[in-house]
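**Q** Chains as they are written, first to last, in this note's numbering: chain V, 3 to 469; chain W, 4 to 336. From the three backbone atoms N, C-alpha and C, an ideal C-beta is built for every residue, glycine too. Owing to the predicted nature of the structure, the values given are computational and were not obtained by experimental measurement.
Laid out in structure tokens, this is it:
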């Protein structure tokens, strides 16, 4: 099953496919874990049952997302060996310990406390339960830190030397972890995870407000999500700009591909749209704004930024994918900002919970975070080509000694499995979030008012058995 | 002073053993779904492991990530050699892993996730056994890469190892049920455990008799001074565990059979360790050859020495929180 492709291309596609799925789930679970910690803390602080209901509501979603994240992650930790053995041999001494620390400091922490966070409130009491929820949230953030250190090192390697058999030997761990692109990438990615969650939560909130604008839980989640959208999106845009400056400094060829610049010109236009053509070495049908590219990329109206032709052909990334994925990401970022500002306006006009158009827009923007995260990821990863370790280890020299048929067959197996399994998972998530966060059964039993201060843990098990 | 690579050989063996005994019983539970068909019983079985399975599987990630960190050459040669069984194991683990959440979310498709849980668990166990068998029988390496074919791993010996691990995990699973449940489910688990115990012992015997004839290294290891002491000791201890298992099951003890079954695994694992040393890929790569540079080994060692005890402490705490019998119908979901 080689489909007429090389083993290298199939292995790249397999990695892209499996890591895309894997990336979606953690992007959601990083944000959700922190959201759950905040909700639980608010419940303990205010003893307002609405927060507890929201906790139990999102807890169910978190359990499904987290489970899918775990199983898709195990695949990644073995794929470095099956398809990318030469990469593992050469870069393993640097990348391996970073991933080892990720497992030791993050995965065990999450796994160890997840059971208590999900099932153990009654058994351990409020205090320890809060601690467990916080540990899960902290674990997801620690995990992001290590894996982004590893990924950033592949983009901007530092603190190594190369030994006689071609392995990267660590010389300075501090320089390896805090490599030049790491701080920028970490901030940008973690903010992206928070925004992804905010827009997903906002969509669910908007959906339930459309059905019943008085639903208290829907109001709270919608309001929290819109605060995130309004406050974090501008910060994220600044973080993204900073990461762009960093890439221009360390990976100028990637920037040239993203921008669709083939020629180096005295001033740099911004190509809004067009179709980069690597064979013709030009961006066709380009819609340009003069000088703006220099202003955005180098913060200088008259800046000249290197075009792809300034790099030897065998050291250039292919431009088409980064060009478009980058524009998708930025476009969605602008829409996120619009929604955030709109929500501030509605809040000021006191129509946040009644403006149906705002709620509809929020529903439409529900998947925006996921799409933007993937688009940004493709931009940076495809932009790193033709290297796995930028400038040092070529992708073609990273591959295992495997033939295309085997890689193709396993690729097909992964595609089929992932669509069945994760398709079902997404379906179950939709089913959970399409139910009112009120907990209808309890509503009938208890009526809409309840005493603060009682702990109705058992009564509000959202998503009870056999739904 | 000890070389870092040998310290790490011991340390990397630990997560593998931890994985085998911990995920062993919950993969076993999955396999036992074949014998326990009642819906409520299956709920109970699953709930007995729901709070801990994720932590158990994390040891597998540590084994993989750790191997890449400290023995990158072993990782880069063994995984391509075991390409097919590894991929099938991963697919099996995906199906069984999501079943924990999915089967409580649907009625119509519950049977699908039940089958996924059972088949996924059994396939993962079988493929782990095959992978082990393939490693024991040896892997062809030239230069710094795997040099064999796609199907080298598939031999009668590796299949025997695969079957052994499925049966062995089922034994662990049945003993876990005996520990965590009551009443009729527990009675049946005990009967299943007795059969599985017999099967496991016979299979351990078969694999042990076969192994020394696969490779002269094993033969000399097993029948030469001073390792002969260990190869003599291991069967005696195995017999003691077998007795503990039989006595515990027939006398209706709760914890003893599980501990004895774990003992069987620990001893078999020790036997493997004796056979492998000083190789990490038998006959092809020694521990020293495969080791990462000292800068990598030292960096991760500091973390492992500090963090693994902490991990064991809070993992132990999580087991403690969910101690005691699982009540029928009193699920966590």
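If residue 318 (chain W) and residue 75 (chain V) are in contact, beta carbons under 8 angstroms, what's the gap, nearest whole angstrom?
**A** Contact flag wrong, Cβ pair sits at about 18 angstroms.
**Q** Is there a Cβ of chain W sitting closer than 9 angstroms to that of residue 14 (chain V), yes or no?
**A** Not an interface residue.
**Q** Closest Cβ-Cβ distance between residue 21 (chain V) and chain W: below 9 angstroms?
**A** Chain W contact via Cβ: absent.
**Q** At 3 residues or longer, what runs of the beta strand (DSSP E) sit wholly inside the segment 228-312 of chain W?
**A** List check, beta strand (DSSP E) in window: 282-284.
**Q** Is there a Cβ from chain V that is less than 9 angstroms from the Cβ of residue 34 (chain W)?
**A** Not closer than 9 angstroms to any Cβ of chain V, the Cβ of residue 34 (chain W) fails to qualify, so no.
**Q** Going along the chain, which residues of the segment 59-71 of chain V sit with their C-beta nearer than 7 angstroms to a C-beta in chain W?
**A** Cβ contacts with chain W: 65, 66, 69 and 70.
**Q** Could you compute how far the alpha carbon of residue 175 (chain W) sits from the alpha carbon of residue 137 (chain W)?
**A** The alpha-carbon atoms of residue 175 (chain W) and residue 137 (chain W) are separated by roughly 23 angstroms.
**Q** What residues are listed by DSSP as bridge partners for residue 396 (chain V)?
**A** DSSP output for residue 396 (chain V) lists V:389 as bridge partner(s).
**Q** For a contact defined as C-beta to C-beta under 8 angstroms, what are the partners of residue 296 (chain W) on chain V?
**A** Per Cβ cutoff of 8 angstroms: 95, 165, 169, 171 and 172.
**Q** Counting only the same chain and skipping the five closest in sequence on each side, list residues whose C-beta sits under 7 angstroms from that of residue 257 (chain W).
**A** For residue 257 (chain W), where only same-chain residues beyond five positions count, the Cβ hits under 7 angstroms are 181 and 182.
**Q** Who are the Cβ neighbours of residue 176 (chain V) in its own chain at under 8 angstroms, not counting the five residues just before and after it?
**A** Excluding residues within five positions, the ones whose Cβ falls inside 8 angstroms are 161.
**Q** For residue 231 (chain V) and residue 363 (chain V), I'd like the C-alpha separation in whole angstroms.
**A** Near 13 angstroms, if we compare the C-alpha coordinates of residue 363 (chain V) and residue 231 (chain V).
**Q** Please report the residue range of the beta strand (DSSP E) in which residue 112 (chain V) lies.
**A** That residue, residue 112 (chain V), is in no beta strand (DSSP E); its alpha helix (DSSP H) goes 110-121.
**Q** Compare the C-beta of residue 405 (chain V) with all C-beta atoms of chain W and state if any pair is closer than 9 angstroms.
**A** Output row for residue 405 (chain V): interface = yes.
**Q** Return the Cβ separation of residue 338 (chain W) and residue 101 (chain V) in integer angstroms, given the expectation that the two are a contact with Cβ distance under 8 angstroms.
**A** Any question about residue 338 (chain W) goes unanswered here, given that chain W covers just 4 to 336.
**Q** Count the C-beta pairs between the segment 269-287 of chain V and the segment 210-221 of chain V that are closer than 8 angstroms, then say yes if the count reaches three, no if not.
**A** Not touching, per the Cβ criterion.
**Q** So, at 7 angstroms on beta carbons, what are the nonlocal neighbours of residue 302 (chain V) in its own chain, with the 5 sequence-adjacent residues on each side left out?
**A** Cβ within range, chain order: 296.
**Q** Since residue 150 (chain V) and residue 191 (chain V) are thought to touch, with beta carbons under 8 angstroms apart, how far apart are those beta carbons, to the nearest angstrom?
**A** With 8 angstroms as the limit, residue 150 (chain V) and residue 191 (chain V) qualify as a contact, their Cβ atoms being about 6 angstroms apart.
**Q** Can you name the residues of chain W whose CB is closer than 8 angstroms to the CB of residue 235 (chain V)?
**A** Simply none; closest approach about 31 angstroms.
**Q** Determine contact between the segment 216-225 of chain W and the segment 273-281 of chain W, defined as no fewer than three beta-carbon pairs at a distance below 8 angstroms.
**A** In short, these stretches touch, since the Cβ pair count reaches three.
**Q** Do the segment 304-322 of chain W and the segment 234-254 of chain W touch if we need at least three Cβ pairs shorter than 8 angstroms?
**A** No, the segment 304-322 of chain W does not touch the segment 234-254 of chain W.
**Q** Should residue 306 (chain W) be flagged as near chain V, meaning a C-beta pair shorter than 9 angstroms?
**A** Closer than 9 angstroms to some Cβ of chain V, the Cβ of residue 306 (chain W) qualifies, so yes.
**Q** Leaving out five residues on either side along the sequence, give the residues of the same chain with a beta carbon under 7 angstroms from the beta carbon of residue 103 (chain V).
**A** Excluding residues within five positions, the ones whose Cβ falls inside 7 angstroms are 148.
**Q** Could you compute how far the alpha carbon of residue 63 (chain W) sits from the alpha carbon of residue 411 (chain V)?
**A** So the two alpha carbons sit approximately 24 angstroms from each other.
**Q** Going along chain V, which residues have a C-beta under 7 angstroms from residue 219 (chain W)?
**A** What residue 219 (chain W) touches in chain V: nothing, since even the nearest Cβ is about 27 angstroms away.
**Q** Thinking residue 35 (chain W) and residue 173 (chain W) are a contact (beta carbons under 8 angstroms), I'd like their distance in whole angstroms, please.
**A** Going by Cβ atoms, the distance from residue 35 (chain W) to residue 173 (chain W) rounds to 6 angstroms, so yes, they are a contact pair.
**Q** Give a yes or no on whether the minimum CB-CB distance between residue 1 (chain V) and chain W is below 9 angstroms.
**A** Past the edges of chain V, shown from 3 to 469, lies residue 1 (chain V), and the structure says nothing about it.
**Q** DSSP three-state label for residue 163 (chain V), please.
**A** Correct three-state label for residue 163 (chain V): strand.
**Q** Could you say which of V:318, V:51 and V:89 lies nearest to residue 398 (chain V) if we only look at CA atoms?
**A** That would be V:89, whose Cα lies nearest to the Cα of residue 398 (chain V).
**Q** By the criterion of Cβ-Cβ separation under 7 angstroms, what are the contact partners of residue 86 (chain W) in chain V?
**A** Here the neighbours are 84, 404 and 408.
**Q** So, residue 297 (chain W) versus residue 179 (chain W), is the Cβ gap smaller than 9 angstroms?
**A** Going by C-beta atoms, residue 297 (chain W) is not nearer than 9 angstroms to residue 179 (chain W).
**Q** Using a Cβ-based criterion (distance less than 8 angstroms to any ligand heavy atom), does residue 279 (chain W) qualify as near the ligand MG?
**A** The ligand MG is not part of the structure shown, which contains no ligands of any sort.
**Q** How long is the line joining the alpha carbons of residue 325 (chain V) and residue 108 (chain W), rounded to whole angstroms?
**A** Approximately 41 angstroms, taken between the alpha carbons.
**Q** Pick from W:199, W:122 and W:188: whose alpha carbon is nearest that of residue 48 (chain W)?
**A** Residue W:188 is the option with its Cα nearest to residue 48 (chain W).
**Q** Could you tell me if residue 22 (chain W) is buried or exposed, where buried requires 16 or more neighbouring beta carbons within 10 angstroms of its beta carbon?
**A** The residue is buried, with at least 16 neighbouring Cβ atoms inside 10 Å.
**Q** Is the segment 112-129 of chain V in contact with the segment 319-331 of chain W, if contact means three or more CB pairs nearer than 8 angstroms?
**A** Taking 8 angstroms as the limit for Cβ pairs, the verdict is that the segment 319-331 of chain W does touch the segment 112-129 of chain V.
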